[in-house]
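As they're listed, the protein sequences go chains A and B. Throughout, our numbering is defined as the position within the first sequence, counted from one, plus 19. Throughout, our numbering is defined as the position within the second sequence, counted from one, plus 515. Every residue, glycine too, gets a C-beta built ideally from N, C-alpha and C. Note that this is a predicted model, so its numbers are computed, not measured. Heads up, the thing below is written out as structure tokens.
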Amino acid sequence: GAVVSQHPSWVICKSGTSVKIECRSLDFQATTMFWYRQFPKQSLMLMATSNEGSKATYEQGVEKDKFLINHASLTLSTLTVTSAHPEDSSFYICSARRRASEQFFGPGTRLTVL
Amino acid sequence: QKEVEQDPGPLSVPEGAIVSLNCTYSNSAFQYFMWYRQYSRKGPELLMYTYSSGNKEDGRFTAQVDKSSKYISLFIRDSQPSDSATYLCAMNRETSGSRLTFGEGTQLTVNP
Chain A
20 GAVVSQHPSW
30 VICKSGTSVK
40 IECRSLDFQA
50 TTMFWYRQFP
60 KQSLMLMATS
70 NEGSKATYEQ
80 GVEKDKFLIN
90 HASLTLSTLT
100 VTSAHPEDSS
110 FYICSARRRA
120 SEQFFGPGTR
130 LTVL
Chain B
516 QKEVEQDPGP
526 LSVPEGAIVS
536 LNCTYSNSAF
546 QYFMWYRQYS
556 RKGPELLMYT
566 YSSGNKEDGR
576 FTAQVDKSSK
586 YISLFIRDSQ
596 PSDSATYLCA
606 MNRETSGSRL
616 TFGEGTQLTV
626 NP
């Protein structure tokens, strides 16, 4: 299968700071990447769809000014959680679409905001 | 009503058992069907990817799609303790780039 990496794998930050998470497709080009959030024992919740070279499309209820997404190249998308608060603590996972509807997921980033 | 229904379990089986995981869906526009395996605190791993009705086999895993009944299954033969994970079904429409709709996930434990 295709490989998608995420960095960092976990991060702890103070309330009010911003955190950037990187998602890279290592062995294929991805015109579309997706960002998900997952709470314990729940399924994935899509936050936004990121297309290379254009603005991200956010799901209803997701604050685009809080969760900044940049998809600057065919292999890299970034999610920045701005002015993070404890309620933003979660498991963030990205995926990259290779062809048709095949999506490959990164290993996830665990964010803890103190 | 959810677009995709999946029994969350938990499901516990002895090692070597055949495991059957299922999802039903209501939207006939879904054309692509996937099964993902997710270990605790890890990202989902794509196990099976199917487009048409019928069976697809890969090692100990068999994916089955019945579009007429809007029903998909994943069978795991000779289950191993390392198969213990949450299994998520996912599907989407023909439209290129359309987002995945996930089932709730079934938590499976294979006991040695």
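Answer with yes or no whether the minimum CB distance from B/Gly-574 to chain A is below 8 Å.
-> no
How long is the line joining the alpha carbons of A/Lys-83 and B/Asn-626, rounded to whole angstroms?
-> 44 Å
Could you please give the first and the last residue of the uninterrupted beta strand (DSSP E) stretch that includes A/Gln-79?
-> It is not in any beta strand (DSSP E) - A/Gln-79 carries neither H nor E in the DSSP assignment.
Own chain residues within Cβ distance below 7 Å of B/Asp-593, not counting five before or after = Gly-531, Arg-575
Round the Cβ separation of B/Ser-535 and B/Lys-585 to the nearest angstrom and send it over; I've been treating them as touching at under 8 Å.
-> Not quite, the Cβ-Cβ distance comes to about 17 Å (not below 8 Å), so this is no contact.
Rounded to a whole number of angstroms, what is the C-alpha to C-alpha distance between A/Thr-128 and A/Gln-48?
-> 21 Å
Can you give me the start and stop residues for the beta strand (DSSP E) that A/Thr-131 sits inside?
-> 128 to 132
Proximal residues to A/Trp-29 (C-beta, below 7 Å), its chain only, five neighbours per side dropped | Thr-128, Arg-129
Cβ separation of A/Val-76 and A/Ser-44, assumed to be a contact under 8 Å, to the nearest whole Å = Just to set this straight, residue 76 of chain A is Thr in the shown sequence, not Val. Actually they do not touch by this definition, with Cβ atoms about 19 Å apart.
Contacting residues, own chain, Cβ-Cβ under 7 Å from B/Pro-529 (five flanking each side not counted) | Asn-626
So A/Asn-89 is in the beta strand (DSSP E); what residue range does that whole segment cover?
-> 86 to 92
Going along the chain, which residues of its own chain have a beta-carbon closer than 6 Å to the beta-carbon of A/Thr-51, five neighbours each way excluded?
-> Asn-70, Arg-116
Consult DSSP for B/Pro-529 and reduce its assignment to one of helix, strand or coil.
-> strand
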